[in-house]
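As they're listed, the protein sequences go chains A and B. Sequential numbering of the first sequence, starting at 1, is according to my numbering. Sequential numbering of the second sequence, starting at 1001, is according to my numbering. Glycine included, C-beta positions come from ideal geometry on N, C-alpha and C. Right, one structure below, let's go through it.
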Amino acid sequence: MTDTPISGAKALINCLKNEGVDTIFGYPGGVLLPLYDELYDSDINHILVRHEQCAAHAADGYARATGKVGVCLATSGPGATNLVTGIANAYMDSVPIVAITGQVPTPMIGNDAFQEADITGITLPITKHNYLVRDVEDLPGVVKEAFYIASTGRPGPVLIDLPKDITTDEFEFTYPGRTYLRGYHPDVGIDEDAVKRAASMILDSECPVIYAGGGVIISDSSSELLKLAETIQAPVTTTLLGIGAFPQSNPLSLRMLGMHGTKYANYAVQESDLLIAIGARFDDRVTGKIDAFAPHAKVIHIDIDPAEIGKNVRVDLPVIGDAKTILQSLISHLQKMQTRSGAWLGKVGAWKKKHPLSYVQSNEVIKPQYVVQEIHKACPDAIIVTEVGQNQMWAAQYFQFENPRTFITSGGLGTMGYGFPAAIGAKVGRPDRTVIDIAGDGSFQMTSQELATVSKSKIKVIVAILNNSYLGMVRQWQELFFDERYSYTDISQSVDFVKLAEAYNLVGIRAEKPSEVPSAISEALSADRTVVIDFVVDPMENVFPMVPAGAAINQILDPGEVA
Amino acid sequence: MRHTLAVLVENKPGVLARVSGLFSRRGYNIESLAVGMTENPEISRMTIVVEGDDRVLLQVTSQLSKLIDVISISDLPPSESVDRGLALIKVAADTDTRAEIMQIASIFRAKIIDVGAETLVIEVTGGKGKIRAIEDMLDRFGIKEVVRTGRVALHRGTKTVGGEYR
Chain A
1 MTDTPISGAK ALINCLKNEG VDTIFGYPGG VLLPLYDELY DSDINHILVR
51 HEQCAAHAAD GYARATGKVG VCLATSGPGA TNLVTGIANA YMDSVPIVAI
101 TGQVPTPMIG NDAFQEADIT GITLPITKHN YLVRDVEDLP GVVKEAFYIA
151 STGRPGPVLI DLPKDITTDE FEFTYPGRTY LRGYHPDVGI DEDAVKRAAS
201 MILDSECPVI YAGGGVIISD SSSELLKLAE TIQAPVTTTL LGIGAFPQSN
251 PLSLRMLGMH GTKYANYAVQ ESDLLIAIGA RFDDRVTGKI DAFAPHAKVI
301 HIDIDPAEIG KNVRVDLPVI GDAKTILQSL ISHLQKMQTR SGAWLGKVGA
351 WKKKHPLSYV QSNEVIKPQY VVQEIHKACP DAIIVTEVGQ NQMWAAQYFQ
401 FENPRTFITS GGLGTMGYGF PAAIGAKVGR PDRTVIDIAG DGSFQMTSQE
451 LATVSKSKIK VIVAILNNSY LGMVRQWQEL FFDERYSYTD ISQSVDFVKL
501 AEAYNLVGIR AEKPSEVPSA ISEALSADRT VVIDFVVDPM ENVFPMVPAG
551 AAINQILDPG EVA
Chain B
1001 MRHTLAVLVE NKPGVLARVS GLFSRRGYNI ESLAVGMTEN PEISRMTIVV
1051 EGDDRVLLQV TSQLSKLIDV ISISDLPPSE SVDRGLALIK VAADTDTRAE
1101 IMQIASIFRA KIIDVGAETL VIEVTGGKGK IRAIEDMLDR FGIKEVVRTG
1151 RVALHRGTKT VGGEYR
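In structure tokens:
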């Protein structure tokens, strides 16, 4: 608080500090000069990225690793439009970020001024809300609202567009203590009657399955999920974004379901008589053929977003609200539950035994799955970030995740190039943890310029490239469904990743034989800076099991079973 | 099935784009949309007519509710509400036909708001059926131009929408 007038730029810094922001990922530009001049003296840690898309992904990774709101900053026009992919990514995965963009001065808006883009118009469908600040007096309230909206209810990105004159205008700054929006009520409470009905549906079921999504992690209800599963003796499968919500070492864990899930998760869902969905949205990668999904099951859908109810599947009982509160209440109604007959868990256990995840190990060529297993062996507590494609699925399948916020991946949007900048954000947010980006050679090349960021800012992450010289997931589909016509997916011999790392004054390691994998990992772990490991893996390895597009999820195939 | 929604929104720039953008990207069809300030100048009211079954209606309303600038949404069932649209119709009229057209207009309680040597402009208000009926009647004279507003609707009786916020 101050009585003497201050500039909008200084006020913005004050607002961010009031919101507890310690880190900004950004890139300067013309209209941001006044703001960057204030950042120069500020104790907020600014990480200079090398492309604005990566500022948004880094803020996203920071948010997923810490649970706090991530902040990114870009200049007007191309700076702002470069954020778009990162904002869309955060929107699809419900990640709380606040994106701040510079804008041309208010009198010039609409005149096609130099570096002008209508970023609030462009981001309308990919933000939870956005603002164009037209009066510096509105700035503190807008920032307060932006953080409130981004972090509450179903989280998501909020964009604040800040014209240059707003950053230089002066006013008497005060920061609002609280905010009230008559059109936004994230604290919906819970419907106790619905919870009671859920409890009685659980008591009546014989073959229940819990299907947990990213909402369990967002709402910090992993311990409640574990308690519920153990109380009702129900197996738990998670979505890709739900990985980490339930310990995979627990006997009740079915790991991931869906297109590249485990066979036993998919079988269990298909045979269940009750599906308890918690913070999940019945994405097409989960459900496969929607009409054939969980055909015998009644569906309880616990979600904070009423718009998710019935969007993709018919729901028998919606329970709207915060998953943590709902699960606590649900557990209290189930305390007196009798021990369930072991028949269902016995059946599920038999599937687990019969259909484990598997691949054929080799002594000649490195199998990508083996790399993931060795990374787990060497560093089970790492935060694993992934790129998108085969690398992402192998990471999801072959690492063993025990805790929330340890698996960070682009689920909804499937953004190649996400992993490395998100790993940077995760490491900045959690400097105490080892952060490993399990990457593909295709994805990594989309954002590899951020090697400059980690070099200059002295951030240590490990980029473990499962280098198969192909855009592997597309190549896999070309092999299986397009007569092995590998149209534009061969990216072999395009870059020497070891030299690339060295060019940025970082460490590059290459492993070409299975025997070299463990030492490459341990060398990377002990290095004092970012390491790029080029694991030269079997180029033709495929992700299995898999559900072909349009099939029911129990039609999940092993190699050789795909027609 | 057709639904008439009364949506109270913040009277701010860009709100119409947020609402119409939501409809187009989610694939919901708007049959008609009318916007205007309410008795509270901070709040605008949109009357949106949408076509769809109950599931579509639930999706529309729950997605609309997610917009921060949307304050309240009410479904106005036909039996409990009154609605009106307005159309201006420019119809060819000469000395031979003018009297007959004016007679048709009076039967529909429409007003003649402009008379020219070769045309009349007729203002008609009412439900969709009435406006279509007068158009049908005027068709044979030669309709030159029609412009319609979106429909607006209110509950019958004492009931209002979004009471606590207005």
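Any C-beta of chain B sitting closer than 8 Å to the C-beta of residue i?
i, result
"T120 of chain A", "yes"
"K311 of chain A", "yes"
"Y184 of chain A", "yes"
"L124 of chain A", "yes"
"H129 of chain A", "yes"
"L181 of chain A", "yes"
"A117 of chain A", "no"
"A307 of chain A", "yes"
"I160 of chain A", "no"
"I97 of chain A", "no"
"I290 of chain A", "no"
"I149 of chain A", "yes"
Taking the alpha carbon of residue i as the reference point, which residue from the options has its own alpha carbon closest?
i, options, result
"V195 of chain A", "A:S410, A:P251, A:T434 and A:H333", "A:H333"
"G26 of chain A", "A:I278, A:G425 and A:Y131", "A:G425"
"S329 of chain A", "A:R197, A:Q449, A:E271 and A:Q248", "A:R197"
"Y1028 of chain B", "B:L1016, B:V1049 and B:P1013", "B:V1049"
"S455 of chain A", "A:V84, A:A234 and A:R529", "A:R529"
"A59 of chain A", "A:L39, A:N542 and A:L83", "A:L83"
"A494 of chain A", "A:T325, A:I509, A:C72 and A:N467", "A small fix is needed here, since residue 494 of chain A is Ser in this sequence, not Ala. If we check each option's Cα against that of S494 of chain A, A:N467 comes out closest."
"Q369 of chain A", "A:L35, A:E541 and A:D135", "A:E541"
"G20 of chain A", "A:V286, A:M259, A:G429 and A:D437", "A:G429"
"G417 of chain A", "A:D193, A:E484, A:G61 and A:T123", "A:G61"
"K68 of chain A", "A:I149, A:E364, A:S358 and A:E116", "A:I149"
"G215 of chain A", "A:V133, A:K377 and A:P155", "A:P155"
"I384 of chain A", "A:S362, A:Q115 and A:P404", "A:P404"
"V299 of chain A", "A:V319, A:A99, A:Q392 and A:G70", "A:V319"
"Y211 of chain A", "A:I243, A:L275 and A:Y264", "A:L275"
"I202 of chain A", "A:C379, A:R340, A:P559 and A:A520", "A:R340"
Would you give the residue range spanned by the alpha helix (DSSP H) that residue i belongs to?
i, result
"Y131 of chain A", "Y131 of chain A -> not in any alpha helix (DSSP H); beta strand (DSSP E) instead, spanning H129 to L132."
"K1066 of chain B", "D1054 to K1066"
"M92 of chain A", "V84 to M92"
"M393 of chain A", "Q390 to Y398"
"P421 of chain A", "G419 to G429"
"R1025 of chain B", "V1015 to R1026"
"A1105 of chain B", "R1098 to I1107"
"R64 of chain A", "E52 to T66"
"I1089 of chain B", "Run containing I1089 of chain B: none in the alpha helix (DSSP H); it sits in the beta strand (DSSP E), S1081 to A1092."
"P34 of chain A", "L33 to D41"
"I276 of chain A", "Not the alpha helix (DSSP H): I276 of chain A falls in the beta strand (DSSP E), residues L274 to I278."
"L565 of chain A", "Given a span of 1 to 563 for chain A in the structure shown, any question on residue 565 of chain A remains unanswerable."
So, at 7 Å on beta carbons, what are the nonlocal neighbours of residue i in its own chain, with the 5 sequence-adjacent residues on each side left out?
i, result
"N1011 of chain B", "M1037, P1041, E1042, I1043 and S1044"
"S249 of chain A", "Q400 and E402"
"T231 of chain A", "I331, L334 and M337"
"D1069 of chain B", "V1009, E1010, K1012, V1015 and R1018"
From residue i to residue j, what distance separates their C-alpha atoms?
i, j, result
"H296 of chain A", "A146 of chain A", "43 Å"
"V158 of chain A", "N14 of chain A", "19 Å"
"S205 of chain A", "L254 of chain A", "19 Å"
"G414 of chain A", "S448 of chain A", "17 Å"
"D1136 of chain B", "E1051 of chain B", "24 Å"
"V537 of chain A", "I290 of chain A", "35 Å"
"E484 of chain A", "Y470 of chain A", "13 Å"
"F544 of chain A", "P421 of chain A", "28 Å"
How about residue i: is its C-beta nearer than 8 Å to some C-beta of chain E?
i, result
"A1017 of chain B", "No chain E appears in the structure shown, which is made up of the protein chains A and B."
Can you list, in chain order, the residues of its chain with a C-beta nearer than 8 Å to that of residue i? Leave out the 5 residues immediately preceding and following it.
i, result
"L327 of chain A", "S221, E224, L225, K227, L228, I278 and I302"
"Q555 of chain A", "G288, V547 and P548"
"S219 of chain A", "G279, I304, D322, A323 and K324"
"T106 of chain A", "R134, P163, D165 and I166"
Residue i CB to nearest chain A CB: under 8 Å?
i, result
"V1070 of chain B", "yes"
"R1055 of chain B", "yes"
"E1010 of chain B", "yes"
"A1044 of chain B", "It should be noted that the sequence gives Ser, not Ala, for residue 1044 of chain B. No, S1044 of chain B does not count as interfacial toward chain A."
"G1014 of chain B", "yes"
Please list the terminal residues of the continuous beta strand (DSSP E) segment that includes residue i.
i, result
"R485 of chain A", "It is not in any beta strand (DSSP E) - R485 of chain A carries neither H nor E in the DSSP assignment."
"P208 of chain A", "P208 to A212"
Spatial neighbours of residue i within its chain, please: C-beta separation below 6 Å, excluding the five flanking residues on both sides.
i, result
"A527 of chain A", "V507"
"E1031 of chain B", "V1049 and E1051"
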